[in-house]
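Our numbering puts the sequence shown at residues 1 to 121.
The structure appears right after this line, and notes come after that.
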Amino acid sequence: MKDRNFLDTVMEFEQQLELLQQQYNDLKKYVAHMVEEHQAIQTENLHLRRRLEELMGEEENPTQDETTNTGKVSLLDIGEGYDNLARLYQEGFHVCHVHFGSLRKGEDCLFCLSFLNKQNG
Ligand SMILES: [Zn+2]
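Below, the structure written as structure tokens:
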């Protein structure tokens, strides 16, 4: 009877080890995923900072004096806005309201494309 209990204990211990191994593997995958995501966010952040600096720089040197005219947006402004968004999309970022500013990871986004089509049309 005692031998049987010992065998049960060993098998139980083995099962626990397997479970721990599995949890450890899951944890490793999770950490790898987090590192990947962290790098993507850093890249994204850097890119957005640069874009923001570019946009701020453009605003400091307005090409028109009519910018105080509230409620009226010139066709030129719309064109520039579209170009910026189209460039952002070309550079691999979402410009749609669903995922704005996040990486497209090389995939085309239907939201972005239809948004850009609307802006262009
Ligand atoms: Zn998108």
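For glycine and all other residues, C-beta sits at the position ideal for the given N, C-alpha and C.
Taking the alpha-carbon of residue i as reference, which of the options has the nearest alpha-carbon?
i, options, result
"Ser-114", "Arg-49, Lys-105, His-94, Gln-39", "His-94"
"Gly-92", "Gln-22, Glu-107, Gln-15, Leu-116", "Glu-107"
Tell me which residue opens and which closes the alpha helix (DSSP H) that residue i is part of.
i, result
"Phe-115", "110-120"
Give the straight-line distance between the Cα atoms of residue i and residue j, rounded to the nearest whole angstrom.
i, j, result
"Leu-19", "Asp-26", "11 Å"
"Asn-5", "Ser-102", "57 Å"
"Asp-3", "Tyr-24", "31 Å"
"His-99", "Ala-32", "23 Å"
"Met-34", "Arg-49", "22 Å"
"Asp-8", "Glu-36", "42 Å"
"Gly-87", "Leu-46", "One point to set straight first is that residue 87 is Arg, not Gly, in the sequence displayed. Cα to Cα, the separation comes out at about 16 Å."
"Glu-53", "Phe-13", "59 Å"
"Gly-81", "Met-56", "13 Å"
"Lys-28", "Gln-39", "17 Å"
"Tyr-30", "Gln-16", "21 Å"
"Gln-22", "Lys-105", "29 Å"
"Val-10", "Cys-109", "54 Å"
In this structure, does DSSP put residue i in helix, strand or coil?
i, result
"Phe-13", "helix"
"Phe-100", "coil"
Would you call residue i buried or exposed, if buried means 16 or more other Cβ atoms sit within 10 Å of its Cβ?
i, result
"Tyr-89", "buried"
"Leu-85", "buried"
"Lys-118", "exposed"
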